[in-house]
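Residue numbers (this note's numbering): 32 to 344.
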């Protein structure tokens, strides 16, 4: 019995040492990545001090070229969009980022399924980008809200690196999926004509946590005097934006500007602007970024003028 207990203790010690070793490896791989999502996450959480941040899902990642926005607006800009994620991830990243500095503007690309509709059985997938930065203030409470067991799992560095080790190693050794200030694009052109579904009245269930995170982003922006702007980029052949009624009301009630190009025929009737029905390619993203940059410039100038007039009264 005594020998068995000793073996158990030795095994536990070995597991602890191995896990701490993973923690050291995690820290090194995160800080020294040459490209890809690992490098982008580190830039967002520990490096960038851009005046303007772009948040949202893959449609944010692929549709907003920060270089074009910078040239037009005269502001530094970084694209913090994250594939397959929305308000939960964005809120977590913003909490981490605000420990270091406060941006002047947040441009938020809204995607209903990621930002307020209940589209998933489990919201745990939205925590992937935050696992490496779990120790930052306020992030643990978000994990707890997603899943009561997550904070206990996060005590293990092996769990934090789960399924990401090969990706992180490759992004340290090779330059792959390189971004331009967080912007990643594709040159592909959609070769097929997607089936257009007949519009029907759908009843969507709303996700309370996603909505809570979205409201927190609005609240934090207001408290820290960050100018938040909601935007929606083109979607191929869409003719109605009914799914955006909810965010339109949220924007209106909170005084948040809302720029909507979801059904913009200038872009969404031309297949050469897209690599799939949801995402524009380099050509489409370049033209859209030029347009949105000028619209943002006008909006910012109008807002600054109104604030100036109010302060002089």
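Note that the Cβ used here is the ideal one computed from N, Cα and C, for glycine as well.
Since the model is a prediction, treat every value here as computed from it, not as a measurement.
Item	Value
Measuring only the C-alpha atoms, how far is residue 70 from residue 112?	13 Å
Would you mind working out which of 302, 331, 259 sits nearest residue 285, comparing C-alpha positions?	259
On the DSSP bridge assignment, give the partners of residue 211 in chain order.	214
Under the rule that 16 or more other beta-carbon atoms within 10 Å means buried, what is residue 239, buried or exposed?	exposed
Which same chain residues, not among the five before or five after residue 74, have their C-beta less than 8 Å away from its C-beta?	109, 213
Can the beta-carbon of residue 155 be found closer than 8 Å to that of residue 116?	no
Rounded to the nearest angstrom, how far is the Cβ of residue 118 from that of residue 241, given a contact under 8 Å?	5 Å
Report the three-state DSSP secondary structure of residue 234 (helix, strand or coil).	coil
When the Cα atoms are used, what is the spatial distance from residue 78 to residue 159?	19 Å
Please state whether DSSP places residue 111 in a helix, a strand or coil.	coil
Determine which residues share a DSSP beta bridge with residue 263 and list them.	291
Could you compute how far the alpha carbon of residue 320 sits from the alpha carbon of residue 96?	6 Å
Considering only residues of the region 47-126, which uninterrupted alpha helix (DSSP H) runs meet the minimum length of 4 residues and lie entirely inside it, listed in chain order?	67-77, 89-94, 97-104
Have a look at residue 170 and residue 326 and give me their C-alpha separation to the nearest angstrom.	34 Å
In whole angstroms, give me the CA-to-CA distance for residue 291 and residue 317.	17 Å
Any idea what DSSP makes of residue 301, helix, strand or coil?	coil
For residue 195 and residue 72, I'd like the C-alpha separation in whole angstroms.	13 Å
To the nearest angstrom, report how far apart residue 280 and residue 145 are at their CA atoms.	17 Å
Inspect the beta-carbon positions of residue 90 and residue 133 and report whether they are closer than 8 Å.	no
Opposite residue 258 in the DSSP bridges: which residues?	136
Can you give me the C-alpha to C-alpha distance between residue 152 and residue 176, rounded to a whole angstrom?	14 Å
Grab me the residues of residue 76's own chain with a C-beta within less than 6 Å of its C-beta, minus the 5 sequence neighbours each way, in chain order.	127, 164
Should residue 61 go down as buried or exposed, given a rule of 16 or more other Cβ atoms within 10 Å for buried?	buried
Got a sec, what are the start and stop residues for the alpha helix (DSSP H) residue 182 sits in?	181-184
Would you report the Cα separation of residue 307 and residue 224, rounded to the nearest angstrom?	9 Å
Return the first residue and the last residue of the alpha helix (DSSP H) that residue 203 is part of.	196-204
Going by DSSP, name the residue or residues bridged to residue 381.	The question about residue 381 has no answer, for the chain in this structure spans 32 to 344.
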